[in-house]
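Here is the structure we will look at.
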Amino acid sequence: MKVSATEIKLVLTEMKISAPEIEFEASEMKIDATELKVGATEIKLDATSISGDG
Numbered sequence: 001m002k003v004s005a006t007e008i009k010l011v012l013t014e015m016k017i018s019a020p021e022i023e024f025e026a027s028e029m030k031i032d033a034t035e036l037k038v039g040a041t042e043i044k045l046d047a048t049s050i051s052g053d054g
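27 is the number that UniProt numbering gives to position 27 of the sequence shown; each next residue is one higher, with no gaps.
This is the structure in structure tokens:
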């Protein structure tokens with residue numbers, strides 16, 4: 001699964017994605033979720049800043 005976008009916004013109660021490979025290329029990506037779970041062997045983040053309340 002590959003997603004290329006200038007902006008991605010997700011407002012979800014629940015989201016499940018099953019894919020061997022997921023790639024997101026976005027200038028801005030926002031996820032508003034009550035609960036977000038990520039199960040992965042490897043996660044790579046390349047960002048100027050990452051922040052969160054939690």
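Even glycine gets a Cβ: it sits at the ideal position worked out from N, Cα and C.
Just so it is clear, the structure is predicted and the values come from calculations on it, not from any experiment.
Using CA coordinates, which residue listed in the options is at the minimum distance from residue i?
i	options	result
Glu23	Lys2, Thr48, Asp46 and Ile31	Lys2
Ser4	Val11, Met29 and Leu12	Met29
Glu35	Glu14, Glu7, Ile8 and Thr6	Glu14
Ala19	Glu7, Thr48, Val38 and Ile8	Val38
Can you round the beta-carbon distance between residue i and residue j to whole angstroms, since I take them to be within the 8 Å contact cut?
i	j	result
Glu31	Leu45	Per the sequence shown, residue 31 should be read as Ile rather than Glu. The Cβ separation is near 13 Å, so there is no contact.
Thr33	Leu12	One point to set straight first is that residue 33 is Ala, not Thr, in the sequence displayed. Indeed, because the Cβ distance is near 5 Å, the residues count as touching under 8 Å.
For residue i, decide whether its Cβ has a neighbour in chain C, counting only Cβ atoms nearer than 8 Å.
i	result
Asp32	No chain C appears in the structure shown, which is made up of a single protein chain.
Just curious, the beta strand (DSSP E) that residue i is in, first and last residue?
i	result
Val3	Lys2 to Leu12
Lys30	Glu23 to Ala33
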